[in-house]
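Engineer: The structure's right below; bear with me while I get my questions together.
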Amino acid sequence: MQHQDIDHEISRLTKASSARAKNKDFNGAITEFDKALLLMSQSGLFYGRKYVKAIPYFQKAGRYSELEEYCDRVLIPLVEKNIEDVFYDKPVVTKEFFLVGVLVNIYDKLQLCAKRERVEGDFEKYGKRLDSLMAEQNTLRVNSERESLRLEYNDLAKFLGELKDNYENWPKTLRERFKEFS
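Residue numbers for the sequence shown follow our numbering, beginning at 132 and rising by one.
See the structure below:
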């Protein structure tokens, strides 16, 4: 299956999952989405927010008790693998940023399901985890942007020389962008 074909199949399965959920066949929706999940792990694309699609289906299917284990044993490992496969050439901090972004979405959905099920302990637990992840995400965003800027600077410095030593060789726009390195 070519890259493009696999992504079309993921789209088809995701739509089939949504159609089953719309018809209140939540177990069928979960089954369809699990097929899409397996293909997502083989695709060269990052599916970000799509990973959390089935979480509410568990709750609506009366399978709330399975949710946390599903996320821990199935969903999160697949997301981690996908991030490693897709962002293999990116700095660790960037990979962590993308992972935490998906974890924020996962715990947001878990908290919503706990609220619907009126499981106060889980609601609070997921809320605390969500708050922690959101703070971590903000820190990682800054660190990831800084690391990307540093890598970009290093690539340019190979051709133009260090900014502090070759200030006049650098175009004005680049001098401004990388002024922290001078």
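Glycine residues also receive a C-beta, built at the ideal position from the N, C-alpha and C atoms. In this text the structure is predicted, and so the values were computed from the model without any measurement.
Please report the distance separating the alpha-carbon of M132 from that of N300.
Structural biologist: Note that M132 scores 45 on pLDDT, short of 50, meaning its location in the model is unreliable; the coordinates nonetheless yield the value given after this. C-alpha separation (whole angstroms): 49 Å.
Engineer: Tell me which residue opens and which closes the alpha helix (DSSP H) that E299 is part of.
Structural biologist: Here E299 belongs to no alpha helix (DSSP H), and DSSP marks it neither H nor E.
Engineer: Starting from the C-beta of L234, find all residues in its chain whose C-beta is less than 6 Å away, skip the five residues before and the five after it, and write them out in chain order.
Structural biologist: Within the same chain, L234 has close Cβ partners L264.
Engineer: What first and last residue would you give for the alpha helix (DSSP H) that runs through Q173?
Structural biologist: Segment: none, Q173 is in no alpha helix (DSSP H) and carries neither H nor E.
Engineer: Taking A245 as part of the alpha helix (DSSP H), name the residues at either end of that continuous run.
Structural biologist: First-last of the alpha helix (DSSP H) with A245: V223 to E248.
Engineer: So the candidates are L176, A185, N274 and K289; which of them puts its Cα closest to the Cα of A152?
Structural biologist: Cα-wise, what sits closest to A152 is A185.
Engineer: May I ask which residues mark the beginning and end of the alpha helix (DSSP H) holding D156?
Structural biologist: No alpha helix (DSSP H) holds D156; DSSP gives it neither H nor E.
Engineer: Tell me the rounded alpha-carbon separation between T162 and E307.
Structural biologist: Computed Cα separation, rounded: 52 Å.
Engineer: Have a look at G175, R194, Y195 and E197 and flag the residue whose alpha-carbon is nearest the alpha-carbon of Y219.
Structural biologist: Checking every option, the nearest Cα to that of Y219 belongs to G175.
Engineer: So what does DSSP say about E293, is it helix, strand or coil?
Structural biologist: Reduced to three states, the DSSP call for E293 is coil.
Engineer: Please report the straight-line C-alpha distance between S82 and Y195, rounded to a whole angstrom.
Structural biologist: This structure cannot speak to residue 82, because the chain is shown only from 132 to 313.
Engineer: Look at the Cβ atom of T225, then the Cβ atom of S172, and state whether they are nearer than 8 Å.
Structural biologist: No, they are not a contact pair.
Engineer: Suppose the cutoff is 6 Å on Cβ atoms and the five residues either side in sequence are ignored; what does the same chain contact list for V210 look like?
Structural biologist: Y182 and V233.
Engineer: Have a look at E140 and A147 and give me their C-alpha separation to the nearest angstrom.
Structural biologist: If you take the alpha carbons of E140 and A147, they lie about 10 Å apart.
Engineer: Residue range of the alpha helix (DSSP H) that Y201 falls in?
Structural biologist: Unbroken alpha helix (DSSP H) run through Y201: L198 to Y201.
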